[in-house]
């Protein structure tokens, strides 16, 4: 009874952005740059580097331009930044020129829950989509044939800390609107790490009725240890893009002290064991995680990293 | 694309034995008794209480008879002890009388790897089976119609720290020999927490050709975070008995400092979310875990327990 699983999975490394944004301890800019550079050498093809959000609201990302202006640019790696609004877009545009065309990527983010989106961005989902329309219009005007890779995020795709369970039809609706704007892929986020495999089945049963599985990524948090069970479930649907964070960096924004993002090392351990190709070297990712651990005020959450350390890697 | 999963799963709680045996810190006998008593009130039907192994080799279990002689006996709960040899059997027999017939259970343990079995028990697999034959013969002589529930354990059913990957045919062979002795169910152990879902598929593809899925339990360790992914995979084969340890107590015996047993709370969180009945109250298990945490020199590994604590349960 072999499962049908993809031959290859693309991992989107979100440690430098989603990971560090949700850690309390500030990490020096030079350390972040060294961290991204170490990840660049691991075989990862997608690294989410930073976010051009309001530095007063998110001081962890105040050095966005510095980081983007200083990291090495490895061939074949896309370096992404989160863009909340036109101002953030202008700031990103000021850094984009140093990257080759195929290294440029931006991410636009909204949610499937109105309440969550409003609390997170002070705008309704419709308003966020309109902002993205302005940004994507500007992109087409300013960059013409040189468009970056555009990713859309939908937070609370399974459960919202304010609204509870989210209807899969709602996720499909937001997803379609993002794709209509010209977004290349949409990452569905289990923001509070609440999902179990049947949630993933319900979500994908709805979303994949209208959308090609190749346009969908899953962004899983491991708050209750279910992330890899959800990955296995999603792979049976043909999903082959997963977000993860090296070392398991990042907390759960709505449960301080709880575990956060799915760890890249744990994901790689499982995919390697299943003979699913990723092109990513687990040991290199673990070394990158180690480079940042001294700045994090708690042990890194990745179980595979701890197993490697226990074995004296 | 709904998965076929069992309507009901039976959880075998191994925290008091497999958990505490693999923690370095000694836990007072009275605390162990209170721990088992708390677990008895959670709805669990199977609790592995202790082990009658050599106290010089395993000092953590030196109080086996004291614990078994002092715990409360909840109706409908089976209280199990590990029996390595005839001497251990005699010691267990001295305690068994205070339990109702349907509360009595013993566990016999061997491995699928010759090297592991020899290092763990100083006997080859064949010798272990012969010892079990002496014990089961004695059981039939001494207890006649009052046989306890008999469980067989097969360690290193996927991978051995000495021999590497284990052939599923080897596991099937040991499994059949245990069932031939009159064992009621066999628990297949991923002792070092190395298994990924394709390993579980290969294992069950072999074992279930000859053995009814209702006789098979999986004993998973979460050393690399893959345990729940393996549970989901096994449930698709009709496996509906899983061993777990409250709080995630227990380490990996071959990687000191690494994570150990699958946590009962994490398993329950996932099964509850999937509407799979267990009869076990997650909060009651979490409370039992909390009662023992002060004696363990590291945070309890269960992610769900930490999420509950972060939420101030």
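Chains as they are written, first to last, in my numbering: chain A, 1 to 313; chain B, 1001 to 1313.
All C-beta atoms, glycine included, are put in the ideal place defined by N, C-alpha and C.
Are the Cβ atoms of residue 1014/B and residue 1245/B separated by less than 7 Å?
-> Position 14 of the second chain, counting from 1, holds the residue named residue 1014/B. Position 245 of the second chain, counting from 1, holds the residue named residue 1245/B. Contact flag set, yes.
Spatial distance of residue 124/A from residue 1033/B (CA atoms) = As a position in the first chain, residue 124/A is number 124, starting the count at 1. As a position in the second chain, residue 1033/B is number 33, starting the count at 1. The alpha-carbon atoms of residue 124/A and residue 1033/B are separated by roughly 54 Å.
Chain A within 7 Å of residue 1189/B, Cβ atoms only = The count along the second chain starts at 1 and reaches residue 1189/B at position 189. Answer no: the Cβ-Cβ gap between residue 1189/B and chain A never drops below 7 Å.
Which class does residue 1191/B belong to by DSSP, given the choice of helix, strand or coil?
-> Translated into the one-based positions of the second chain, residue 1191/B becomes position 191. Three-state result, residue 1191/B: coil.
Counting contacts by CB-CB distance shorter than 7 Å, is residue 1224/B in contact with chain A?
-> Here residue 1224/B refers to the residue found at position 224 of the second chain. With 7 Å as the cut-off, residue 1224/B counts as an interface residue toward chain A.
Following the continuous alpha helix (DSSP H) through residue 1037/B, name the residue where it begins and the one where it ends.
-> Reading the second chain from its first residue, position 37 is the one you call residue 1037/B. Counting along the chain, the alpha helix (DSSP H) containing residue 1037/B begins and ends at 1029 to 1040.
Under three-state DSSP, which class holds residue 1210/B?
-> The residue labelled residue 1210/B in the question sits at position 210 within the second chain. Coil.
Any contact of the segment 186 to 197 of chain A with the segment 209 to 220 of chain A, i.e. 3+ C-beta pairs under 8 Å?
-> yes
Contacts around residue 148/A, its chain only, beta-carbon distance under 6 Å, and the 5 residues preceding and following it disregarded = The count along the first chain starts at 1 and reaches residue 148/A at position 148. Contacts found: 104, 105 and 106.
Give a yes or no on whether 7 Å exceeds the smallest Cβ distance from residue 259/A to chain B.
-> The residue given as residue 259/A occupies position 259 in the first chain. Output row for residue 259/A: interface = yes.
Should residue 36/A go down as buried or exposed, given a rule of 16 or more other Cβ atoms within 10 Å for buried?
-> The residue you call residue 36/A lines up with position 36 of the first chain. By the 10 Å Cβ count, residue 36/A comes out buried.
Tell me where the alpha helix (DSSP H) around residue 1116/B begins and ends.
-> Sequence index remark: in the second chain, residue 1116/B carries index 116 (1-based). From DSSP, the alpha helix (DSSP H) with residue 1116/B extends over 1114 to 1121.
Go through the segment 85 to 158 of chain A residue by residue and report every complete run of the alpha helix (DSSP H) that reaches 4 residues or more, in order.
-> 86 to 96, 114 to 121 and 125 to 143
Going by the CB atoms, is the gap between residue 260/A and residue 302/A shorter than 7 Å?
-> Taking the first residue of the first chain as position 1, residue 302/A is located at position 302. Taking the first residue of the first chain as position 1, residue 260/A is located at position 260. No. Outside cutoff.
In terms of alpha-carbon separation, which member of 233/A, 232/A, 205/A and 192/A lies closest to residue 223/A?
-> Numbered from its first residue, the first chain carries residue 223/A at position 223. The residue with the shortest Cα to Cα distance from residue 223/A is 192/A.
Is the Cβ-Cβ distance between residue 1072/B and residue 1040/B less than 7 Å?
-> Within the second chain, residue 1072/B is the residue found at index 72, counting from 1. Within the second chain, residue 1040/B is the residue found at index 40, counting from 1. Going by C-beta atoms, residue 1072/B is nearer than 7 Å to residue 1040/B.
Beta-carbon gap between residue 266/A and residue 1094/B smaller than 7 Å | In the first chain, counting from the first residue as 1, residue 266/A sits at position 266. In the second chain, counting from the first residue as 1, residue 1094/B sits at position 94. No; because the gap between Cβ atoms is not below 7 Å, this pair is not in contact.
Which whole-angstrom value is the C-beta distance of residue 1158/B and residue 1195/B, which I expect to be below 8 Å?
-> Within the second chain, numbered from 1, the residue matching residue 1158/B stands at position 158. Within the second chain, numbered from 1, the residue matching residue 1195/B stands at position 195. Right, the Cβ-Cβ distance comes to about 4 Å (below 8 Å), so this counts as a contact.
What is the DSSP secondary structure of residue 309/A, reduced to helix, strand or coil?
-> The residue given as residue 309/A occupies position 309 in the first chain. Three-state result, residue 309/A: helix.
Answer yes or no: do residue 1343/B and residue 1154/B have a C-beta to C-beta separation smaller than 7 Å?
-> One cannot answer for residue 1343/B here, as it falls past the ends of chain B, which runs 1001 to 1313.
Rounded to a whole number of angstroms, what is the C-alpha to C-alpha distance between residue 1204/B and residue 1293/B?
-> As a position in the second chain, residue 1204/B is number 204, starting the count at 1. As a position in the second chain, residue 1293/B is number 293, starting the count at 1. Each residue's alpha carbon lies about 35 Å from the other.
Taking Cβ positions only, does residue 306/A come closer than 7 Å to chain B?
-> Along the first chain, read from residue 1 onward, the residue named residue 306/A stands at position 306. Chain B contact via Cβ: present.
Closer than 7 Å at the beta carbon, the chain B residues around residue 233/A | Indexing the first chain from 1 puts residue 233/A at position 233. Going along chain B in sequence order, the residues near residue 233/A (Cβ under 7 Å) are 1232.
Can you find a C-beta in chain B that's less than 7 Å from the C-beta of residue 300/A?
-> Taking the first chain and counting its residues from 1, the one referred to as residue 300/A is at position 300. For residue 300/A, the answer is no, since every Cβ of chain B falls outside 7 Å of its Cβ.
Using three-state DSSP, classify residue 1011/B as helix, strand or coil.
-> Your numbering for residue 1011/B matches position 11 in the second chain. Correct three-state label for residue 1011/B: strand.
Taking the alpha-carbon positions, what's the residue 1237/B to residue 1227/B distance?
-> Position 237 of the second chain, counted from the first residue, corresponds to residue 1237/B. Position 227 of the second chain, counted from the first residue, corresponds to residue 1227/B. Straight-line Cα distance between these residues: approximately 16 Å.
To the nearest angstrom, report how far apart residue 76/A and residue 98/A are at their CA atoms.
-> Along the first chain, read from residue 1 onward, the residue named residue 76/A stands at position 76. Along the first chain, read from residue 1 onward, the residue named residue 98/A stands at position 98. Roughly 15 Å between the two C-alpha positions.
Can you tell which of 1065/B, 1109/B, 1304/B and 1268/B has the C-alpha that lies nearest to the C-alpha of residue 1090/B?
-> Reading the second chain from its first residue, position 90 is the one you call residue 1090/B. Among 1065/B, 1109/B, 1304/B and 1268/B, the Cα nearest to that of residue 1090/B is on 1065/B.
Partners in chain A for residue 1168/B, counting only beta-carbon separations shorter than 9 Å = The residue you call residue 1168/B lines up with position 168 of the second chain. Within 9 Å Cβ-Cβ: nothing; residue 1168/B doesn't reach chain A, min ~13 Å.
Considering only C-alpha positions, which residue in the set 1304/B, 1305/B, 1274/B and 1152/B is nearest to residue 1007/B?
-> Your numbering for residue 1007/B matches position 7 in the second chain. Out of 1304/B, 1305/B, 1274/B and 1152/B, 1274/B has the C-alpha closest to the C-alpha of residue 1007/B.
Could you work out which residues of chain B lie near residue 270/A, taking near to mean beta carbons separated by less than 7 Å?
-> Taking the first residue of the first chain as 1, we reach residue 270/A at position 270. Ordered by position in chain B, the residues that pass the 7 Å Cβ test against residue 270/A are 1196, 1226 and 1229.
From residue 1145/B to residue 1045/B, what does the alpha carbon distance come to, in whole angstroms?
-> To locate residue 1145/B, count along the second chain from 1; it is residue 145. To locate residue 1045/B, count along the second chain from 1; it is residue 45. Cα to Cα, residue 1145/B sits roughly 22 Å from residue 1045/B.
What do you get for residue 1178/B, buried or exposed, if any count of 16 or more other CB atoms within 10 angstroms of its CB means buried?
-> Against the second chain, residue 1178/B aligns to sequence position 178. Flag for residue 1178/B reads buried.
Give me the Cα-Cα distance between residue 1299/B and residue 285/A, rounded to the nearest whole angstrom.
-> Here residue 1299/B is taken as the residue at index 299 of the second chain, counted from 1. Here residue 285/A is taken as the residue at index 285 of the first chain, counted from 1. Cα-Cα distance, rounded: 25 Å.
Residue 1005/B vs residue 1235/B beta-carbon contact at 7 Å = In the second chain, counting from the first residue as 1, residue 1005/B sits at position 5. In the second chain, counting from the first residue as 1, residue 1235/B sits at position 235. Yes, these two residues count as a Cβ contact at 7 Å.
Would you report the Cα separation of residue 1078/B and residue 20/A, rounded to the nearest angstrom?
-> Here residue 1078/B refers to the residue found at position 78 of the second chain. Here residue 20/A refers to the residue found at position 20 of the first chain. Approximately 47 Å, taken between the alpha carbons.
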